[in-house]
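Counted from 1, the sequence shown has number 238 at position 238 by the working numbering; the numbering is strictly sequential. Notes to accompany the following structure.
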Amino acid sequence: MLLGTLLVLFLLGGTGPASAHAALRATDPEDGSVLKSAPRDITLTFTESVGLLEDSFRVLDPDGRRLRTGEPEHARGGGAETATVTLPAKLAEGTYTVAWRVVSADSHPVSGAFTFSVGKPSLTTATIDTGPTEDPATKSLYNIARYLAYLAVALLIGTATFMAVCRPPDAPVLHRLLKAGWWTLLGATLALLVLRAPYESGEGPLGALSADSVTRTLTGRPGEVLLARLALLLVAALYLLRLARLRKPFGWAGAALAVGLAVTWAAGEHASAGIQVPVAMTSSALHLLATAVWLGGLTALLVTLYRARLTAAAVTRFSRVAFVSVTVLVVTGVYQSWRGLGSWDALTGTTYGRLLTLKLAAVVLLLGAAALSRRWTARLATVDAETAETAETGETAETAETVVEAEAAVREKVPEPVGGPSLPEGPEAAPESSAAESPEPEPSAAVEAGSEQRGALRRSVLAEVAVGAAVLAVTTLLTSTLPGRAEAEAAAGAPAVVGASVTNVPFDVGTPGGHGKVQVTIDPGRVGDNSIEALVYGPDGGVSVVPELRISFTLPAKDIGPVDAELTDKGGYWGNSFLNLPIAGKWEMKVTVRTTEVDQVSETRTVVIR
């Protein structure tokens, strides 16, 4: 019925426009570097503009004490894509740990940590709790509110469009849908506004009670966007009340309000950052509007099918609207996919791409439901046409019967001429007798068939709504996932390490808390004797103690290895000062981390020895 509407809707795009979170492109000093003299400041460069928090930088000295730093700001000449902080004048020799946290232009917080050393690395056991990017409770509540906001705006805009285009007979039930959408969107927007500050800072929900949190929210761009959405909702409420009293169809004012609401999503999510921002925001707003017209209209169609009689003509009109939505979704979905993924490899090689693949699987189910809906709609249209033809034929027969009865009554009242013949009896009187004794017409088979088609159509549309809501949940996850293009830009922008070879190896043994990364430094990273040091970082970003760490090297091109690095626990890090790598080339470094007596995992990375 809907021409496979969701195939394009969720194939490469989604109601959450696809673009980029901020990803860390470079650090100065570089991660793991050893400096001859202390730096005066720390500068981070990101793939897009970022917002700064009061606590954007935390720097710990080799003894684990936090340093007094200057206020975080954007680097001079570096633009909004940078973040910098001034360090104390004198730094002692040893390894320093830096934890950072910023808010990307698309409103999502990002954080991380890295180390650098002054003079030489120290045997520091300093830990720093970078924490998760968001507090789990705050993140859950925030994502629930975002999902409800998506559902509510779709219900509000889609129902209004359905009422204006399809003109169903039972408007009161649809007015109740409009009210439900408006109240849900109002509540979700207020929840997003309240949770915005703790979501950015990584605090629990109670962090919203702080006066500083309220001020930070109302003065930041995400908060301003949410305030604009609230203002539009108040105007929309007045507009809906006026329409309910005057019983007028939705017009240009309603369309303008719908566009305004869609723009608040474009301005507060992915489309507001990254490449081609004006085009992306336009595409994002159109994508959301097309989604809302389809999903909300489909819900209105389902409610009308269950609560009132809806003609096949009205369903056909909605199908035409859905076709227009498909056209919009084709263009915007392909563009947003290109903008978010950047390459086909990102479709399977990134979390963002894998979520898109999951949406593709759901689309297969949606296609089946849509195909059934189209079939039942076509049958319903045929049955309605037959019913109308039968009704017209029945009306003609009834009119002829009335004429016969009227003629008979006239003959009874008019006196016969003298000597004239009497009224005939027998067959000539049959019309009057037949009219009096004819049985009542039986119910039309077309009516029964129409009832069957409507029941089947209700079930198929219900299936579409259910699967569409599930896919919308996946879309909500996509809006908080680093897109493939940003991930590739961050990797491509990472500067090459001069001198020592530094490699970060993520690991995950599959148990709670059993993930992190191993930072391996090979100095000087050249043929011959090298020293190797390895630091294990836990899920909190701090240095972690593990029972065992093994590293070996293999050079497949020369069939050399494996060469065991023979690491020993140095008290806070693992190392060996006599690692001999005799030939230059691309060596495969196998890192095995054992986190408990039974849990371990091995990861392989390529390192270049010159």
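Note that beta-carbon positions come from the ideal geometry of N, C-alpha and C, so glycine has one too.
Continuous alpha helix (DSSP H) stretch holding L288: start and end | V277 to R307
Which residue from P172, L156 and F507 puts its Cα closest to that of A262?
-> L156
Pick out whichever of V303, Y306, W294 and L286 has its Cα sitting closest to the Cα of Q336.
-> L286
With a 10 Å radius around its C-beta and 16 neighbouring C-beta atoms as the bar for buried, classify T219 as buried or exposed.
-> exposed
For the beta strand (DSSP E) that contains R605, what are its first and last residues?
-> Q600 to I609
Taking all protein chains shown into account, do 16 or more other C-beta atoms lie within 10 angstroms of the C-beta of T264, making it buried, or fewer, making it exposed?
-> buried
Smallest Cα separation from T69: which of A244, W183, V110 and I42?
-> I42
Report the rounded CA-to-CA distance for L423 versus A313, giving the unit in angstroms.
-> In this predicted model, L423 has a pLDDT of only 40, less than 50, meaning its place in the structure is not dependable; the value taken from the coordinates is given anyway. If you take the alpha carbons of L423 and A313, they lie about 52 Å apart.
For I157, the three-state DSSP class (helix, strand or coil) | helix
Measure the C-alpha to C-alpha separation of L148 and E603 and round it to an integer number of angstroms.
-> 40 Å
Could you tell me which residues DSSP pairs with G516 in its beta bridges?
-> F507
Nearest-angstrom Cα separation, counted from A557 out to V563 = 14 Å
When every heavy atom of the ligand COA is checked, does at least one fall within less than 7 Å of the C-beta of G297?
-> You won't find the ligand COA in this model; it holds no ligand whatsoever.
Measure the alpha-carbon distance for S117 versus T97 and round it to whole angstroms.
-> 9 Å
Would you call the segment 104-113 and the segment 86-94 in contact, with 3 or more CB pairs under 8 Å?
-> no
From the DSSP output, in three-state form, read off T332 for me.
-> helix
Going straight from the alpha carbon of A565 to that of I609, what length do you get?
-> 15 Å
Verify whether the separation of the beta carbon atoms of A292 and G158 is less than 8 Å.
-> yes
Out of G260, L240 and L206, state which residue places its alpha-carbon closest to the alpha-carbon of L227.
-> G260
Distance, L177 Cα to G32 Cα | 57 Å
Residue burial classification, F578 (beta-carbon count within 10 angstroms, cutoff 16) | exposed
Within the same chain, show all residues whose beta-carbon is closer than 6 Å to that of H515, passing over the 5 residues directly before and after it, in chain order.
-> D508 and P539
Roughly how many angstroms lie between the CA atoms of V173 and A253, to the nearest whole one?
-> 22 Å
Residue range of the beta strand (DSSP E) that includes L535 = G528 to Y537
Looking at L44 and L67, is the spacing between their C-beta atoms short of 8 Å?
-> no
Taking Cβ positions, are M281 and A258 nearer each other than 8 Å?
-> no
Limits of the beta strand (DSSP E) - the one that D41 falls within = D41 to F46
Would DSSP call E93 helix, strand or coil?
-> coil
Hey, quick one: how far does the beta strand (DSSP E) through D212 stretch, first residue to last?
-> Element bounds for D212: not the beta strand (DSSP E) but the alpha helix (DSSP H), A211 to T219.
Can you say whether T95 is buried or exposed, counting buried as having 16 or more other CB atoms within 10 angstroms of its CB?
-> buried
F46: which of D61, S37, G79 and R146 sits nearest, CA to CA?
-> G79
Reduced DSSP secondary structure (H/G/I, E/B, other) of V194 = helix
Three-state secondary structure (DSSP) at R25?
-> strand
Report all residues from its chain with a CB closer than 7 Å to the CB of E548; omit the five preceding and five following residues, and keep chain order.
-> R594
From R58 to A99, what distance separates their C-alpha atoms?
-> 5 Å
Burial state of S283 (16 or more Cβ within 10 Å) | buried
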